[in-house]
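Data block below; observations after.
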Amino acid sequence: MARFTGVLGILAVLAAAYLFSTDRRHIRWRTIFWGIGLQFCFAFLVLRFSIGQGVMTWAGAVVTKMLSATFAGTQVLFGEFGLPNSGAFGNLLSQLPNHTANQGAVFAFQVLPTIIFISAFFAVLYHIGVMQIIIRAMAWVMLKTMRISGAESMNVAASIFMGQTEAPLTIRPFLSKATRSELMTIMTSGMAHVSGGIMAMYIAQGVEARHLLSAVIMTSPGTILLAKMLVPETEVPATEGQVVIPKDELHSEENFIGSIARGTIDGGKLALNVAIMLISFLALVALLDMVLAWAHGLAYTHWVPSSLGQILGFVGAPVAWLIGVPWRDCPAIGNLLGTRMALNEVIAYIGLGAQKATLLPRSFTIATFALCGFANLGSIGMQIGGIGALVPERRNDLAKLGVRAMLAGTMANLISASIAGIFLG
Numbered sequence: 001m002a003r004f005t006g007v008l009g010i011l012a013v014l015a016a017a018y019l020f021s022t023d024r025r026h027i028r029w030r031t032i033f034w035g036i037g038l039q040f041c042f043a044f045l046v047l048r049f050s051i052g053q054g055v056m057t058w059a060g061a062v063v064t065k066m067l068s069a070t071f072a073g074t075q076v077l078f079g080e081f082g083l084p085n086s087g088a089f090g091n092l093l094s095q096l097p098n099h100t101a102n103q104g105a106v107f108a109f110q111v112l113p114t115i116i117f118i119s120a121f122f123a124v125l126y127h128i129g130v131m132q133i134i135i136r137a138m139a140w141v142m143l144k145t146m147r148i149s150g151a152e153s154m155n156v157a158a159s160i161f162m163g164q165t166e167a168p169l170t171i172r173p174f175l176s177k178a179t180r181s182e183l184m185t186i187m188t189s190g191m192a193h194v195s196g197g198i199m200a201m202y203i204a205q206g207v208e209a210r211h212l213l214s215a216v217i218m219t220s221p222g223t224i225l226l227a228k229m230l231v232p233e234t235e236v237p238a239t240e241g242q243v244v245i246p247k248d249e250l251h252s253e254e255n256f257i258g259s260i261a262r263g264t265i266d267g268g269k270l271a272l273n274v275a276i277m278l279i280s281f282l283a284l285v286a287l288l289d290m291v292l293a294w295a296h297g298l299a300y301t302h303w304v305p306s307s308l309g310q311i312l313g314f315v316g317a318p319v320a321w322l323i324g325v326p327w328r329d330c331p332a333i334g335n336l337l338g339t340r341m342a343l344n345e346v347i348a349y350i351g352l353g354a355q356k357a358t359l360l361p362r363s364f365t366i367a368t369f370a371l372c373g374f375a376n377l378g379s380i381g382m383q384i385g386g387i388g389a390l391v392p393e394r395r396n397d398l399a400k401l402g403v404r405a406m407l408a409g410t411m412a413n414l415i416s417a418s419i420a421g422i423f424l425g
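If you use UniProt numbering, the sequence shown corresponds to residues 1 to 425, in order.
Rendered as C-alpha cells:
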C-alpha cells in the first residue's frame with residue numbers, strides 16, 4: 001500500500017504540473033519521460049542496487065568523516081564547546097532547561113562552522129578544476145537524454161553543489177539571452193536543490209549523508225521535467241545542443257590561497273545569514289503562535305487552530321500521505337513540508353532532526369528527500385535579487401516566474417520523495 005501511494009504522489013504532481021502549464025501543446029514528452037526514467041534509474045542504483053547502496057554508504061561515510069575535520073577549527077576558537085560530546089560542554093548541556101536549548105547550543109558552536117569549512121573546500125575544488133569536470137559530465141548526460149540547452153544543463157548540474165544564486169554564475173554570459181523557459185529551469189533548479197554548505201549542516205544535524213546525496217542527484221532530472229511542463233520551451237535557445245562553461249566566471253585569476261580565503265568568507269557570510277534568519281523567523285513564528293493561541297482561547301472551540309504548526313500539519317498531511325508517508329506520521333511531516341515552504345528549509349530540517357526518535361524510519365527518510373531544497377517564499381526574493389543583479393534587464397521576467405519556480409521546485413522534491421518511498425518498500 002505504501003508503494004502504491006507513492007505512485008499516486010507522482011501522478012498527482014504530474015497532473016498538477018500539466019494543469020497549470022502555460023502552454024500544454026508545446027510540452028516535449030520526451031523530456032518528461034526521460035526525466036521520470038532517470039529518476040527511477042538513479043533511485044534503483046542508490047536505494048536498491050547493492051553496489052549503488054555500497055557506493056552511497058561509502059560516500060556518506062567519507063563526507064561525515066570529512067566534516068569532523070571542522071572540529072579542529074572549532075576547538076581552537078570555542079574550546080570544548082566546539083567539540084561534540086566533550087566533558088565540559090556535555091555537563092553544560094545537561095543543565096539546560098529543555099531539549100531545544102540543548103540543540104541550539106550544539107547548532108551554534110558545532111553545526112554552523114561546517115558551512116564555513118565546506119564552502120572553503122568547494123572553492124579549492126573549483127580552483128583545481130575538479131568541480132568543472134564533474135559538472136560537465138552531469139550536464140552532458142542531461143543534455144543528451146532530456147534534450148535541453150547547454151546553459152540549462154550546466155546550471156542544473158552546478159545547482160547540485162552550489163547555492164541558488166551562485167550556480168547561475170557558471171552561465172552568466174548566457175543569462176541575458178536566456179529564453180523564458182530557460183529562466184524557469186534555472187530558477188527551479190535553484191529551488192529544488194541545496195548547496196554543499198547547507199547539506200553539511202543537515203548532516204551535522206543527524207540526517208544521513210547517503211540519503212541527502214541521493215536526494216540531490218535524483219532531484220536534478222525532476223527539476224527539468226517540472227520546469228518544462230509548467231513553462232514549455234517555445235523558442236530556440238542560444239546554447240542548444242552544446243555544453244559550455246565560461247572560464248571567466250570561475251575565479252581563474254585567484255591563486256590557491258586566494259580561493260581558500262574567498263570560500264571561507266563566503267561560507268562565513270552564509271553561516272551568519274542562517275543564524276540571524278533563524279533568530280528572526282523563529283521569533284516571528286512564536287509571536288504568531290501567541291496570537292493564534294489567544295484567538296483559540298477566545299473561540300472556545302478546537303476548530304480554531306492554536307498554532308502555525310497545527311495549520312501546516314492539517315494542510316500538509318494529505319500531501320505527506322501521497323508521497324508514501326505512513327498516516328500516523330503524516331501530520332508531523334505535513335507540518336514540516338508547510339514549514340519549508342512558508343518559512344525555510346533550515347527550520348524544517350531542524351524540526352525533522354528533533355523528531356527523529358518519534359518518527360518511523362520510512363517517514364524520516366521520505367521527509368529527507370521531500371525537504372531537500374530551497375523552495376520557499378523567501379527564496380523567490382533571493383533569486384530575484386541574486387540573479388537579477390547579474391542580469392538587471394531580466395529582473396521583471398524573474399519576478400513573474402518566481403511563484404511558479406517555487407512550486408516547481410517543491411513538486412520536484414515531492415516526486416523524488418515519492419520515488420524514494422517506492423524503492424524503500
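Idealized CB from N, CA, C, for every residue including glycine.
Option nearest residue i by Cα separation, candidates the options
i: Arg-210; options: Gln-53, Ile-380, Gly-388 and Gly-309; result: Gln-53
i: Asn-155; options: Leu-183, Phe-121 and Ala-12; result: Leu-183
i: Gln-310; options: Pro-326, Asn-335, Tyr-18 and Thr-70; result: Asn-335
i: residue 429; options: Ala-299, Ser-259, Thr-264 and Leu-308; result: Outside the modelled stretch of the chain, which goes from 1 to 425, sits residue 429, for which no answer is possible.
i: Leu-125; options: Gly-196, Asp-397 and Met-142; result: Gly-196
i: Asn-255; options: Leu-67, Pro-392, Ile-128 and Leu-424; result: Ile-128
i: residue 432; options: Ala-178, Ser-189, Met-201 and Thr-145; result: Residue coverage of the chain in this structure runs from 1 to 425, which leaves residue 432 outside it and unanswerable.
i: Pro-168; options: Met-406, Phe-423, Leu-424 and Gly-386; result: Gly-386
i: Gln-132; options: Gly-316, Ala-271, Asn-396 and Met-162; result: Met-162
i: Thr-170; options: Glu-152, Phe-40, Thr-179 and Lys-177; result: Glu-152
i: Ala-178; options: Leu-424, Leu-398, Arg-30 and Met-406; result: Leu-398
i: Met-201; options: Arg-30, Met-66 and Gly-6; result: Met-66
Assumed close pair residue i, residue j - CB separation to whole angstroms, cut-off 8 Å
i: Ser-379; j: Asp-266; result: Actually they are not in contact, since the Cβ atoms of Ser-379 and Asp-266 sit about 18 Å apart, beyond 8 Å.
i: Thr-150; j: Ser-418; result: Before going further, note that residue 150 is Gly rather than Thr in the sequence given. 30 Å between Cβ atoms; not a contact.
i: Ile-115; j: Val-291; result: No, Ile-115 and Val-291 are not in contact; Cβ-Cβ is about 33 Å, not under 8 Å.
i: Gly-206; j: Lys-356; result: 6 Å
i: Asn-413; j: Ala-375; result: 7 Å
Where residue i sits in the DSSP three-state scheme
i: Glu-152; result: helix
i: Glu-208; result: coil
i: Glu-233; result: coil
i: Glu-182; result: helix
i: Glu-240; result: strand
i: Ser-259; result: helix
i: Glu-166; result: coil
i: Arg-328; result: helix
i: Trp-321; result: helix
C-alpha distance - residue i paired with residue j, whole-angstrom precision
i: Ile-27; j: Val-236; result: 14 Å
i: Phe-89; j: Val-304; result: With a pLDDT of 48 at Phe-89, under the threshold of 50, the modelled position of this residue cannot be trusted; read the value that follows with caution. The straight-line gap from Cα to Cα measures roughly 42 Å.
i: Thr-365; j: Ile-198; result: 18 Å
i: Ala-342; j: Met-187; result: 18 Å
i: Val-319; j: Ala-72; result: 42 Å
i: Thr-411; j: Val-13; result: Position check: residue 411 holds Met in this sequence, whereas Thr was assumed. The straight-line gap from Cα to Cα measures roughly 6 Å.
i: Gln-164; j: Ile-135; result: 15 Å
i: Ile-224; j: Ser-214; result: 17 Å
i: Glu-249; j: Lys-228; result: At Glu-249 the pLDDT is 49, less than 50, meaning the model places this residue with poor confidence and gives no usable figure here.
i: Phe-314; j: Val-130; result: 45 Å
i: Gly-338; j: Asp-289; result: 15 Å
Proximity below 9 Å, CB of residue i to CB of residue j
i: Phe-20; j: Arg-340; result: no
i: Leu-226; j: Ile-350; result: no
i: Ala-389; j: Leu-371; result: no
i: Leu-112; j: Arg-394; result: no
i: Val-325; j: Gly-421; result: yes
i: Gly-373; j: Ala-192; result: yes
i: Ala-408; j: Leu-230; result: yes
Neighbour flag for residue i against chain B, beta carbons, 9 Å
i: Val-111; result: No chain B is present in this structure, which holds just one protein chain.
Residue i beta carbon near the ligand FMN (any heavy atom closer than 8 Å)
i: Thr-22; result: Looking for the ligand FMN in the displayed structure turns up nothing, as the structure carries no ligands at all.
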